[in-house]
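First up is the structure itself, then whatever we jot down about it.
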Amino acid sequence: MSRPKLDLHLHLEGAAPPDLIRRIAAERHVDLSGIFDAEGRYRFDGFADFLRVYEAATGVLRSPEDFARLTRAVLEEQARHGVVYTEIFVSPDFCGGGDLPAWREYLGAIAEAAAAMEREAGITMRAIVTCIRHFGPERARRAARCAAETAGDFVVGFGMGGEERAGRARDFAYAFDMAREPGLGLTCHAGEWAGPGSVAEALDHLRVARIGHGVRAIEDPGLVERLVEDGIVLEVCPGSNVALGLYKWDRHPVEKLREGGVKFTVSTDDPPFFHTDMSREYERLEQVFGWDEAVFAKIAAIAVEAAFCDEATRTRLKERIGA
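Numbering-wise, the sequence shown is residues 362 to 684 according to this note's numbering.
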């Protein structure tokens, strides 16, 4: 589908092409045998094994230069599938260990590569700094400080990923307040592996504008009504949910959410791990649910409005998608 697309839920390390990871591993003499299939794709069996493979693959990324190479490779792939704007999750815990000076070095390398790709391929990238839930509240505050200190045109948001079932949302409220102060947009992974209650907790205690995934909100009609009334946007990643066994395609709740009036975007999460891309996401949604151009145009319009970018960028994006 040739329509310009926006991807608002994409993990930078999780989007690492297998070829790039193999090259960097070879340069560092790191043995990654057992994480690729015969066709050279990432191979895992279930969520726990996915985490093992993910950690092994992304563990070879150890320097700002590695992340610059990664950024360029990810954006090249996104651009091939018609993505004109992407917000990428990137964590100070993996880029300098939460140390602010080191984080600035990594971030500078990422931003420079992103700017080059915007000039060359016309794809715009912005960063959402993420804390890792299962690392705990104290490290979340360190990540939030990194986000607050580098907030600006490139760093536009703050979020939380990691194990949804670790801790309580209220434990991370201070970190989100730190990120809110400089005006960063806020999002949080919830309602994927944890149930609808995790979505409500993120809204109550973290006061986010968007929810990463959020699909299990469908299990609570009252919560669905709240999402509609408050205009909360879900960053839905259908292919990811299917690949990890959360749903089958024909049972995925995205159509019921749409019929219920919930605002959502379509994103790819960790695309090479889940053997997907934005073109494939659109194709499967069209095949399974019969979505037409009008539906996809509305999704793109929602994504433009939900993006954490500045208004000048938003205006340019509206022109590109014809909104």
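Built from N, CA and C at the ideal position, the CB exists for glycine as well.
Determine the burial state of residue i: buried for a count of at least 16 other Cβ atoms within 10 Å of its Cβ, exposed for fewer.
i           : result
residue 462 : exposed
residue 406 : exposed
residue 472 : buried
residue 427 : buried
residue 377 : buried
residue 412 : exposed
residue 637 : buried
residue 425 : buried
residue 474 : buried
Given this structure, state the Cα-to-Cα distance separating residue i from residue j, to the nearest angstrom.
i           : j           : result
residue 660 : residue 414 : 32 Å
residue 543 : residue 515 : 13 Å
residue 663 : residue 470 : 30 Å
residue 343 : residue 557 : Because the chain spans 362 through 684 in this model, residue 343 falls outside it and cannot be assessed.
residue 380 : residue 401 : 8 Å
residue 362 : residue 439 : A caution first: residue 362 carries a pLDDT of 48, below 50, which makes its placement in the model too unreliable to give a value.
residue 571 : residue 593 : 6 Å
residue 675 : residue 404 : 37 Å
residue 306 : residue 620 : The structure shown does not extend to residue 306, since the chain is modelled only from 362 to 684, so the question has no answer here.
residue 608 : residue 650 : 15 Å
residue 553 : residue 370 : 14 Å
residue 618 : residue 611 : 14 Å
residue 588 : residue 498 : 26 Å
residue 393 : residue 485 : 32 Å
Judging by CA-CA distance, which residue of the options is the nearest neighbour of residue i?
i           : options               : result
residue 524 : 542, 543, 477 and 573 : 573
residue 420 : 458, 485 and 498      : 458
residue 547 : 517, 388 and 649      : 517
residue 502 : 519, 424 and 378      : 519
residue 398 : 633, 445 and 374      : 633
residue 597 : 605, 624, 609 and 612 : 624
residue 550 : 527, 538 and 541      : 527
residue 468 : 645, 373, 480 and 587 : 373
residue 668 : 395, 504, 640 and 488 : 488
Given 7 Å as the limit, tell me if residue i has its C-beta closer than that to any heavy atom belonging to the ligand PLP.
i           : result
residue 448 : In terms of ligand content, the structure shown is empty, and the ligand PLP therefore cannot be addressed.
List, from N- to C-terminal side, the alpha helix (DSSP H) runs of 4 residues or more that fit wholly inside the region 377 to 454. 379 to 389, 407 to 419 and 425 to 441
Touching or not, the region 499 to 517 and the region 450 to 462, by the rule of three or more beta carbon pairs under 8 Å? The way I'd put it, the region 499 to 517 does touch the region 450 to 462; three or more beta-carbon pairs between them come closer than 8 Å.
Is it the case that the region 575 to 588 contacts the region 626 to 644, given that we only count it when at least three CB pairs across the two stretches are under 8 Å? As far as the Cβ criterion goes, the region 626 to 644 does not touch the region 575 to 588, which means the pair count is below three.
Looking at C-beta atoms only, is the number of pairs between the region 525 to 535 and the region 417 to 434 that lie closer than 8 Å three or more? no
For the region 625 to 668, list the alpha helix (DSSP H) runs that are entirely contained and at least 4 residues long, ordered along the chain. 639 to 650 and 654 to 667
Inside the region 527 to 615 only - beta strand (DSSP E) runs reaching at least 3 residues: 546 to 551, 571 to 574 and 594 to 597
Could you tell me which uninterrupted alpha helix (DSSP H) segments, each at least 4 residues in length, are contained entirely in the region 456 to 534, listed from first to last along the chain? 461 to 482 and 498 to 511
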